[in-house]
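Trainee: If you scroll down you'll find the structure; I have some questions about it.
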Amino acid sequence: MLIYPRIYMESVKEITIQFLKNNNIKALILDVDNTILDFDKNIPEGIKEWCEDLKHQEIKFCILSNSNKKEKVKMVAKELDLPYFYFGTKPFKRGFKKAIKLLEEKNENIAAVGDQIFTDIIGANRCNLFSILVKPIAEKDLLITKIKRPLENIIIKKYLSRRGK
Ligand SMILES: [Mg+2]
79 MLIYPRIYME SVKEITIQFL KNNNIKALIL DVDNTILDFD KNIPEGIKEW
129 CEDLKHQEIK FCILSNSNKK EKVKMVAKEL DLPYFYFGTK PFKRGFKKAI
179 KLLEEKNENI AAVGDQIFTD IIGANRCNLF SILVKPIAEK DLLITKIKRP
229 LENIIIKKYL SRRGK
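Numbering (my numbering) for the sequence shown: 79 to 243.
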């Protein structure tokens, strides 16, 4: 199903090297807003260290944000020292294709991480990437995200109950 993530986690920090190795994942495509950046434009504690640690273990990274705010995405990319694309047009394949090309790994060896089903997860699944849904960092979501949340919560609930069977 396109709308279901392969796995649901509390935070990107739960993505361990062991998890990546077990699933043959060599590269990560990261969403920005609410995935590695909070509403006040801060990178939460531990994210930089998490990223550094995986980089040292040969995991490649690329940021793919739907935001059209170049300066914001660039700031995060600079802070984490990662390549980036902004205005990513997720769930369309275009942005993902650019990230995949940059990462130089096969689609099945790449995971895409994000907090939104309708952009991050559907886009990742359409490209046959390993989709990882994370809980949004901030509850103070942007208005457009807020409208979509109730429906996302229903899908997540369904997903979790299916998985429990
Ligand atoms: Mg997001």
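Think of the CB as a built atom: it goes at the ideal place given N, C-alpha and C, for glycine as much as any other residue.
Only a predicted model underlies this, so the values are computations on that prediction, with no experimental measurement involved.
Ligand 1 and D116: does the residue's C-beta get closer than 8 Å to at least one heavy atom of that ligand?
Mentor: For the purposes of this step, residue 116 is taken as residue 38 along the sequence shown, with counting starting at 1. No, the beta carbon of D116 sits no closer than 8 Å to any heavy atom of ligand 1.
Trainee: Which residue's Cα is closest to the Cα of I232: F196, G173 and I137?
Mentor: For the purposes of this step, residue 232 is taken as the residue at position 154 of the sequence shown. Looking at the Cα atoms, F196 is the closest of the given residues.
Trainee: How would you write the range of the beta strand (DSSP E) that M153 sits in, first residue to last?
Mentor: As a position in the sequence shown, residue 153 is number 75, starting the count at 1. M153 -> not in any beta strand (DSSP E); alpha helix (DSSP H) instead, spanning K148 to L158.
Trainee: Measuring CA to CA, which of K184, D118, F208 and D193 is closest to V154?
Mentor: Taking the first residue of the sequence shown as position 1, residue 154 is located at position 76. It is D118.
Trainee: What residues are listed by DSSP as bridge partners for I141?
Mentor: As a first step, residue 141 is located in the sequence shown; it is residue number 63 there, counting from the start. Paired residues: L108 and Y162.
Trainee: Check whether the Cβ atoms of I188 and L207 lie closer than 9 Å to each other.
Mentor: Locating residue 188 in the sequence shown gives position 110, counting from the first residue. Locating residue 207 in the sequence shown gives position 129, counting from the first residue. Yes; because the gap between Cβ atoms is below 9 Å, this pair is in contact.
Trainee: Going by the DSSP bridge assignment, what does M79 pair with across the sheet?
Mentor: Working through the sequence shown from its first residue, we reach residue 79 at position 1. According to DSSP, which records beta bridges pairwise, M79 is partnered with nothing at all.
Trainee: I want to check one thing, is the minimum distance from the CB of T167 to the heavy atoms of ligand 1 below 8 Å?
Mentor: Taking the first residue of the sequence shown as position 1, residue 167 is located at position 89. It does not: the Cβ of T167 is nowhere closer than 8 Å to a heavy atom of ligand 1.
Trainee: Strictly closer than 6 Å from CB to any heavy atom of ligand 1: give me those residues in the order they appear in the chain.
Mentor: Any residue whose Cβ sits closer than 6 Å to a heavy atom of ligand 1 makes the list: D109, D111, N112, T113, G192, D193 and Q194.
Trainee: Can you name the residues that DSSP bridges to S209?
Mentor: Here residue 209 corresponds to residue number 131 of the sequence shown, with the count starting at 1. In the DSSP output, where bridge partners are listed per residue, S209 has A190.
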